[in-house]
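Visitor: Convert by adding 50 to the 1-based position in the sequence shown; the result is the number in this note's numbering.
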Amino acid sequence: MDVYGTYVRAALTARGELVNVVENVAAAPAVLAPTNITARDALNAVLAEYYAGTPELPELEASGLTVTFTRGTRFHEDPRVTRVIVPMANGVMQIGHLVITWDRENMLRHTVVGRGGRILVEELRTNTDTYKIFANHPGVSTQTVVSGPGAGNAQSPVGWVSNNTTTGNNVDAYLDRNNSNSADTNGRPISSTQQFEFTVDLTAAPTTTVNQMAAVTNLFYLNNVIHDKLYRHGFTEAAGNFQMNNFGKGGAGNDPVKAEAQDGGGTNNANFATPTDGSSPRMQMYLW
């Protein structure tokens, strides 16, 4: 039986030599708290919470620990319910059910249901945030629209963006042309749909609004990419990485990267200051 939310990842050289191991494991309990609901009960709890009005779905098949139900008219794929072990905050482990639903609006949910049909975890696995960015630099690449990872991954459990601007758990990106070490007025792009798609005009001044918003977007995107890549290589919360919320995984929080685009403190350069864990590092990107 799988333990929900746990993993072990290893990095190896080309010769097969172990370089690093990143893990999130749970201690094996002497006793597991049993479940008191069935797979159908777990699915019905999810339907009641997120898909009100959906009629009861007939069981399609049962195989091992997984029960599959027919999709009906509401879902894109047949919902699956798998029995799993769920680590609880108090150190106890209980048997629960992982319910996977993918509806016709392309919303993919992973929901963990515990005793009594109580929803313990809900992860929306469809990401909506997009960024128009240069993956490399303008001389060798063009702007492309890419998506963030969404919530529910080990590197960024709540995704990259927390509201309608370039602020999130890992990074706060903004303009600082005043060199005040804080965001200029209107210094962050705003998008109610989290679609940060600004087309750069390389024939115009970098201080035009669209070019400034594109610069902040690109800085926010690349800092988050770096955060997630370094996390996979061991720069986690316990290792002192940069996050507002560390989710109880060790280290000190309240230290997302302050990423300052078009900083007024200089030209033709950049810098990155990293204080002790618990204080935000500051990245200053100057105009060239």
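Glycine residues also receive a C-beta, built at the ideal position from the N, C-alpha and C atoms. None of the values given here were measured: they were computed from a predicted structure.
1) Might you give, ordered along the chain, the residues of its own chain that have their beta carbon closer than 8 Å to the beta carbon of THR317, omitting 5 neighbours on each side?
2) Is LYS279 helix, strand or coil when you go by DSSP?
3) Between which two residues does the alpha helix (DSSP H) holding VAL96 run?
4) Whose C-beta lies closer than 8 Å to the C-beta of PRO256 among residues of the same chain, with five residues either side of it excluded?
5) Which residues in the same chain as GLU111 place their Cβ atom closer than 8 Å to its Cβ, once the five residues preceding and following it in sequence are excluded?
6) With a CB to CB cut of under 7 Å and the five nearest residues on each side skipped, what residues in its chain are close to THR63?
7) Unbroken beta strand (DSSP E) runs of length 3 or more, entirely within the segment 88-167: which are they?
8) Which residue marks the beginning of the beta strand (DSSP E) containing ILE169, and which one marks its end?
9) Quick check on THR259: does DSSP put it in helix, strand or coil?
10) Assuming ASP305 contacts GLY328 (C-beta within less than 8 Å), just tell me the rounded distance between them.
11) On the premise that GLY166 lies in contact with ILE87, defined as a C-beta separation below 8 Å, what is that separation, rounded to the nearest angstrom?
12) Less than 8 Å separating the beta-carbons of THR180 and SER197?
13) Are the CB atoms of ALA309 and ASN268 nearer to each other than 8 Å?
14) Please report the straight-line C-alpha distance between GLN115 and THR85, rounded to a whole angstrom.
15) Over what stretch of residues does the beta strand (DSSP E) that includes VAL307 continue unbroken?
16) Can HIS187 and GLU173 be called in contact, C-beta distance under 8 Å?
Guide: Let me lay it out:
1) As a working note, residue 317 is residue 267 in the sequence shown. For THR317, where only same-chain residues beyond five positions count, the Cβ hits under 8 Å are TYR336, LEU337, TRP338.
2) Here residue 279 refers to the residue found at position 229 when the sequence shown is read from its first residue. Helix.
3) Residue numbering aside, residue 96 sits at position 46 when the sequence shown is read from its first letter. Its alpha helix (DSSP H) spans residues 89-100.
4) Your numbering for residue 256 matches position 206 in the sequence shown. Here the set comprises GLN262, ALA265, GLN312, LEU337.
5) In the sequence shown, the residue the question calls residue 111 occupies position 61. Excluding positions up to five away in sequence, the list reads VAL117, THR118.
6) Along the sequence shown, read from residue 1 onward, the residue named residue 63 stands at position 13. Hits under 7 Å: VAL69.
7) 109-113, 116-119, 130-137, 143-152, 158-163
8) On the sequence shown, position 119 is the one that residue 169 refers to. ILE169 -> beta strand (DSSP E) spans 169-174.
9) Locating residue 259 in the sequence shown gives position 209, where the first residue counts as 1. The answer is helix: DSSP assigns THR259 an H, G or I state.
10) Translated into positions along the sequence shown, residue 305 becomes position 255. Translated into positions along the sequence shown, residue 328 becomes position 278. The pair is a contact, with the Cβ atoms about 6 Å apart (cut-off 8 Å).
11) Within the sequence shown, the letter at position 37 stands for residue 87. Within the sequence shown, the letter at position 116 stands for residue 166. With 8 Å as the limit, ILE87 and GLY166 qualify as a contact, their Cβ atoms being about 7 Å apart.
12) Here residue 180 refers to the residue found at position 130 of the sequence shown. Here residue 197 refers to the residue found at position 147 of the sequence shown. In contact: THR180 and SER197 (Cβ atoms closer than 8 Å).
13) Here the question's residue 309 lines up with position 259 in the sequence shown. Here the question's residue 268 lines up with position 218 in the sequence shown. No, the pair does not count as a contact, with Cβ atoms beyond the cut-off.
14) Indexing the sequence shown from 1 puts residue 115 at position 65. Indexing the sequence shown from 1 puts residue 85 at position 35. In the sequence as displayed, the identity of residue 115 is Leu instead of Gln. Each residue's Cα considered, the two are about 13 Å apart.
15) For the purposes of this step, residue 307 is identified with residue 257 of the sequence shown, where counting begins at 1. Note, VAL307: beta strand (DSSP E), 307-317.
16) One-based indexing of the sequence shown puts residue 187 at position 137. One-based indexing of the sequence shown puts residue 173 at position 123. For HIS187 and GLU173, no; Cβs fall outside 8 Å.
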